[in-house]
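If you read the sequences in order, they're chains H and R. At the far end of the first sequence sits residue 461, using the working numbering, and the numbering has no gaps. At the far end of the second sequence sits residue 516, using the working numbering, and the numbering has no gaps. Worksheet: the structure to be examined is printed underneath.
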Amino acid sequence: MTLVVMVGLSIAFLLFIAFLNVVKSGNVLSEANLLYAALVFYAGAGALYLGFGVTGTESYIKFASLATWAGLIANTAAVAHRWYEAGHPPFASLYEMLLSFVWTLAALTLVAEKKYGVKVIGTVTMPVAIVGVVLMQLLRSEVRPLVPALQSTWLHVHVTLAMLAYAACALSFALAMMFLIQDKMKTESFLVGTSIFTVGIYAAVLSRFEGMGGFNVIAWDVENRSEVFLAKNVRLFVTIPDLGWLMLLVFAAVAAPLTLYILARVRSNEGFLAIANRAVFVSILLQSLALVFFILRVREGRYPSLDAEGLYPTSLAASPFILAGLVGGIFANLLYLLLLWRREDLERLLPDSDNLDRITYKTICIAFPLLTLMIAAGAYWANRAWGSYWNWDPKETWAAITWLVYAGYLHMRITRGWRGRRAAYFAILGFGVVMFTFFGVTYLLNGLHSYA
Amino acid sequence: MALSLHSAARTVWKTFGSIKTGVVLIILVVIFSAAGTVILQRPMTDPDDMARAYSPAMLRFLDVTKLTDVYHAPWFVALMILVSFSIIAASVERFPNAWRYFARPYKSPDEGFRKVLPVQAHVKITDEEQGLGAAECAFRKMHLKSERIVRPDRFSLFAERNRISEMAVYIVHASLLLIFLGGIIDALYGWRGFLMLSPGTAGNQIELKTGNARTLPFAIRCDGAGEETYNDGTPKKYWSKLAVVDNGQEVSRKEIVVNDPLVYQGVRFYQASYGRTGKLDSITLEVSPKDKPGAAQQITLSPNQIVSLDADTKVQLAEFIPDYTVQDGHVYARSNDVVNPAVHLIVTSAKELKAINVWFPEIPGVAENASSPYNFQPKDLKTAVFTGLEVSHEPGQWAVWAGVVLMAIGLTFVFYVVHVRYWVVPVQDAGGNLALWIGGSANRNRDAFEQSFKRYVEEVEKELKSKFVEAAEKPAASLPKTTAGR
Numbered sequence: 010m011t012l013v014v015m016v017g018l019s020i021a022f023l024l025f026i027a028f029l030n031v032v033k034s035g036n037v038l039s040e041a042n043l044l045y046a047a048l049v050f051y052a053g054a055g056a057l058y059l060g061f062g063v064t065g066t067e068s069y070i071k072f073a074s075l076a077t078w079a080g081l082i083a084n085t086a087a088v089a090h091r092w093y094e095a096g097h098p099p100f101a102s103l104y105e106m107l108l109s110f111v112w113t114l115a116a117l118t119l120v121a122e123k124k125y126g127v128k129v130i131g132t133v134t135m136p137v138a139i140v141g142v143v144l145m146q147l148l149r150s151e152v153r154p155l156v157p158a159l160q161s162t163w164l165h166v167h168v169t170l171a172m173l174a175y176a177a178c179a180l181s182f183a184l185a186m187m188f189l190i191q192d193k194m195k196t197e198s199f200l201v202g203t204s205i206f207t208v209g210i211y212a213a214v215l216s217r218f219e220g221m222g223g224f225n226v227i228a229w230d231v232e233n234r235s236e237v238f239l240a241k242n243v244r245l246f247v248t249i250p251d252l253g254w255l256m257l258l259v260f261a262a263v264a265a266p267l268t269l270y271i272l273a274r275v276r277s278n279e280g281f282l283a284i285a286n287r288a289v290f291v292s293i294l295l296q297s298l299a300l301v302f303f304i305l306r307v308r309e310g311r312y313p314s315l316d317a318e319g320l321y322p323t324s325l326a327a328s329p330f331i332l333a334g335l336v337g338g339i340f341a342n343l344l345y346l347l348l349l350w351r352r353e354d355l356e357r358l359l360p361d362s363d364n365l366d367r368i369t370y371k372t373i374c375i376a377f378p379l380l381t382l383m384i385a386a387g388a389y390w391a392n393r394a395w396g397s398y399w400n401w402d403p404k405e406t407w408a409a410i411t412w413l414v415y416a417g418y419l420h421m422r423i424t425r426g427w428r429g430r431r432a433a434y435f436a437i438l439g440f441g442v443v444m445f446t447f448f449g450v451t452y453l454l455n456g457l458h459s460y461a
Numbered sequence: 031m032a033l034s035l036h037s038a039a040r041t042v043w044k045t046f047g048s049i050k051t052g053v054v055l056i057i058l059v060v061i062f063s064a065a066g067t068v069i070l071q072r073p074m075t076d077p078d079d080m081a082r083a084y085s086p087a088m089l090r091f092l093d094v095t096k097l098t099d100v101y102h103a104p105w106f107v108a109l110m111i112l113v114s115f116s117i118i119a120a121s122v123e124r125f126p127n128a129w130r131y132f133a134r135p136y137k138s139p140d141e142g143f144r145k146v147l148p149v150q151a152h153v154k155i156t157d158e159e160q161g162l163g164a165a166e167c168a169f170r171k172m173h174l175k176s177e178r179i180v181r182p183d184r185f186s187l188f189a190e191r192n193r194i195s196e197m198a199v200y201i202v203h204a205s206l207l208l209i210f211l212g213g214i215i216d217a218l219y220g221w222r223g224f225l226m227l228s229p230g231t232a233g234n235q236i237e238l239k240t241g242n243a244r245t246l247p248f249a250i251r252c253d254g255a256g257e258e259t260y261n262d263g264t265p266k267k268y269w270s271k272l273a274v275v276d277n278g279q280e281v282s283r284k285e286i287v288v289n290d291p292l293v294y295q296g297v298r299f300y301q302a303s304y305g306r307t308g309k310l311d312s313i314t315l316e317v318s319p320k321d322k323p324g325a326a327q328q329i330t331l332s333p334n335q336i337v338s339l340d341a342d343t344k345v346q347l348a349e350f351i352p353d354y355t356v357q358d359g360h361v362y363a364r365s366n367d368v369v370n371p372a373v374h375l376i377v378t379s380a381k382e383l384k385a386i387n388v389w390f391p392e393i394p395g396v397a398e399n400a401s402s403p404y405n406f407q408p409k410d411l412k413t414a415v416f417t418g419l420e421v422s423h424e425p426g427q428w429a430v431w432a433g434v435v436l437m438a439i440g441l442t443f444v445f446y447v448v449h450v451r452y453w454v455v456p457v458q459d460a461g462g463n464l465a466l467w468i469g470g471s472a473n474r475n476r477d478a479f480e481q482s483f484k485r486y487v488e489e490v491e492k493e494l495k496s497k498f499v500e501a502a503e504k505p506a507a508s509l510p511k512t513t514a515g516r
């Protein structure tokens, strides 16, 4: 109960600060405030789910569900506000798409909770929602008019279908995770999963490592609120001294549990596993440290660049994906700790594994036709806007790959009778591809689909 | 020999029809199409960018293996053909069975089937006819049409719903083939290209993506083009007024914008780009004679146009250079962007019989502005615009759209339409007691079906009860065989 009180108090405190902001700006229902409220409630829900993990008090889950409701209401208001302000549904930029995505995810979480009785699904979906809202704070959020290519009814059809499909995929991912827990998958297998995920994040982050411990981030043009470009598609990087060393240290820390796990397997010594679990704890502390230092150094200060003379400012807004990666890594490890400490409670609260397996399949049965229609609507629109229904643009190609992965899942399940674990792995893989299509393609691969 | 050849073909066919081959092919398509999004692709990427991104040896390797144009590489096309072949083989292999199932439904369950069917129930009855009647009533209540199946010794009942659902997978596979077919038709007979027009001009020469040209049997005339921007400068609308001229006659007219193309004889014209050509449309000048500064007049000149300023002085617009640079006493154009324009006028005087070169701006060494009898003051500069039209001919797209619609229908059937079957057979147990054996099956969503099966059985029991009451109220004559209810 103490936690509920604490979370309640901090929510009240944060809302009070928001209230002061409101008084200062004189505008209650601005979108930023609504979004901030949504973030507060989602974070409260996330904290309660984690609190349940630490203490095992079941009533926390009920309060977490309430907080999710409150967050969804604030989120709905933010969506409505945006829609009203912009005069079109919020689908036109990555910011607006995230707004809709988080909304759909929260709504589906509540559906899964109420309709299917998967009470702790929020432990997985709420962190995703929080990362989404945090990302939104950094992306360009001003209402921009629609460029000619986006002035089409098909924009709304295409993107609505995409959001529904992606949220259904996210839900199937969360359900597949729950299934693996209920299916008595060994806790250390989850350790391997989260460790590989985190090591992947830090390996990607370290691609910005610059000799002598520097760390490269994109320079930010404060006046124009955009990244600094040297030429078309060539961004200017600035080097933050010494931050690279810290990232390298954290990389070693997140790789430690994985190494210890492999040692335990090779030497067949279970003792290493206990150390690995402790190493996860240490790595969470170090990751938090990295996050704090990253935020502090990137927010303030001007740094030199290798490609241009002088000092340039940078901003968190210039590195949204690094930030999201760092936050995502911490969440993944916290979820692992939750599982490590509260496995029995989780198992008691979840529907049985057969049920979870079936709900996962049902969710994909909803996601797959939506994906199909989303691609078809996109093709029809592309035919009107670009002159061809299929251009092999990276976004299109990856959407087709997503479709193929889920088609593979359905074939294996229906004709080969794949149930249980293998189907769950497939659902997890499918969601990974979805996330890559959504974010990865936009930021890594250039193409026609440049709006989002 | 012939036999082994036949069996080899049979093996190949079987291999292609197997789900394993299908999944392996899906994985290959995934890998190669992903590769195409990571490796820079021709012809979209600038050759210089490619040379910068890869070492010469690497680039040669990528070019030879066609990895720089994955989606048009012969091996990728071959892979897609294999995928189609696999879908056909898998469907043909399984279709006869499914068709038999579909065309000749299993209506009269034998004893073996009755034993193993997972969803079944027994309901005690006292009379066969009464029991079947109750079962029929219950079917009607669930909006199912039942039929009486004549068995050698007695009747039984069969009811079903949505048998078409058994065919759904084939509908989806056929739709995929239809989409592929559309793609193949477009790859063979379709083309894409570009047509650039300035307002007032017409054209029928399409510059194809392949680098060749194509002459249309009709011409497109541009009657105007323009752009609108929002207050912050971002583009809001690009438009072109187009007219189709066929055999010298204007047959169609449309203002196209992005997202709304003009279609004529299966050829589509899309608004793709808009810009300035770097050529001059007209320039407005204020002209005043040097000896009489007060008498200024405004003239508008188009390229090569000659205008008389007085009885014996004429001015001609000789050159317009959108982005000029001077080297060795000559003026050159650096680019076609109107960023640093220069205008060259030639002033001729009948009296002096010589041409004076007037330049704006006054370029030292070339301009003779001082010796001109008139002063010129440029007021307005209008450069010509062009509209870039993307032109495409896709005869296969109708197959694609038909395939998409068919797939939507097929997927709806696959996921949401359940083939439900019920059988009702009167049986006698070892003790000689009469009972109704009720069995049911559904091809998907079995837990929901189990609920409705349970409801059906309850309905039958309720009907039996009310029938029993009816029977008890009426004299035994109407139902002679009824023994007193236990």
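We treat Cβ as the ideally placed atom computed from N, Cα and C, and that holds for glycine. Here the structure is a predicted model, which means the values were calculated and not measured.
In the DSSP annotation of this structure, the continuous segment of the beta strand (DSSP E) that includes R/Asp410 starts and ends at 404 to 423.
Two segments are said to touch when three or more pairs of C-beta atoms, one from each, lie closer than 8 angstroms; by this definition the region 162 to 181 of chain H touches the region 112 to 127 of chain H. In the DSSP assignment, H/Met106 falls within the unbroken alpha helix (DSSP H) covering 103 to 125. Per the Cβ contact rule, the region 333 to 343 of chain H is in contact with the region 129 to 145 of chain H (3 or more Cβ pairs under 8 angstroms). The beta carbon of R/Arg251 lies closer than 6 angstroms to those of Ala232, Ala273, Val275 in the same chain, with the five residues before and after it left out.
In this structure H/Ala341 does not touch H/Phe188 by the C-beta definition: roughly 18 angstroms separates them, more than the 8 angstroms allowed. About 40 angstroms separates the Cβ atoms of H/Trp78 and R/Thr67, ruling out a contact at the 8 angstroms cut-off. Using a Cβ-Cβ cut-off of 7 angstroms, H/Trp407 is close to Thr67 of chain R, given in chain order. Non-local C-beta neighbours of R/Ser282 in its own chain, meaning closer than 8 angstroms and more than five positions away in sequence, comprise Ala273, Val274, Leu292, Tyr294, ordered along the chain. Using a 10 angstroms sphere on the CB of H/Leu59, the tally of other CB atoms reaches 16 or more, which defines it as buried. Rounded to whole angstroms, the gap between the alpha carbons of H/Val168 and H/Met383 is 7 angstroms. Under DSSP, R/Leu347 shares a beta bridge with R/Leu375. The three-state secondary structure of H/Gly223, taken from DSSP, is strand. The beta carbons of R/Ile376 and R/Ala348 sit closer together than 7 angstroms. Taking 4 residues as the shortest admissible run, the region 118 to 191 of chain R contains the following complete alpha helix (DSSP H) segments, listed from N- to C-terminal end: 141 to 146, 158 to 171.
Residue contact with chain H for R/Leu441: present (Cβ-Cβ distance below 7 angstroms to some residue of chain H). Here the region 208 to 222 of chain R makes contact with the region 427 to 445 of chain R; the two share three or more CB pairs at distances below 8 angstroms. The C-alpha of H/Ala299 lies about 16 angstroms from the C-alpha of H/Gly209. For R/Ser63, the nearest beta carbon of chain H is closer than 7 angstroms to its own beta carbon. In this chain, the beta strand (DSSP E) harbouring R/Gln357 covers 354 to 357.
Between the region 190 to 202 of chain H and the region 355 to 363 of chain H there are three or more inter-stretch CB-CB distances shorter than 8 angstroms, so the stretches are counted as touching.
The alpha carbon of H/Gly220 has as its nearest neighbour, out of H/Pro250, H/Arg287, H/Leu81, the alpha carbon of H/Pro250.
Its Cα nearest to that of H/Leu305, the residue H/Ser324 stands out among H/Ala388, H/Leu44, H/Ser324, H/Ala261. Burial state of H/Ala158 is buried, judged by a 10 Å Cβ sphere holding 16 or more other Cβ atoms. Within chain H, Gly396, Ser397 have C-beta atoms less than 8 angstroms from the C-beta of R/Ser422, given in sequence order. As DSSP reads the structure, R/Gln301 sits in a beta bridge with R/Leu419.
For R/Asn387, DSSP records a beta bridge to R/Ile376. For H/His420, the neighbours in chain R by C-beta distance under 9 angstroms run, in chain order, Ile49, Gly52, Val53, Ile56. For secondary structure counted as the alpha helix (DSSP H) over 4 or more consecutive residues, the region 66 to 125 of chain R holds these complete runs in sequence order: 77 to 83, 86 to 94. If you check the CB distance, R/Ile336 and R/Lys344 come in under 7 angstroms. Taking the beta carbon of H/Val156 as reference, the chain R residues within 7 angstroms of it are Thr264, Pro265, listed in sequence order. In the three-state reduction of the DSSP assignment, R/Asn334 falls in the coil class, being assigned neither a helical nor a strand state. Pairing R/Val454 with R/Arg130, the inter-Cα distance amounts to about 22 angstroms.
Listed in chain order, the positions of the region 219 to 251 of chain R with a beta carbon within less than 8 angstroms of a beta carbon of chain H are Arg222.
Three or more pairs of CB atoms, one per stretch, sit closer than 8 angstroms, so the region 141 to 150 of chain R contacts the region 451 to 468 of chain R. Annotation: R/Ile215 is outside any beta strand (DSSP E); the continuous alpha helix (DSSP H) that includes it extends over 198 to 219.
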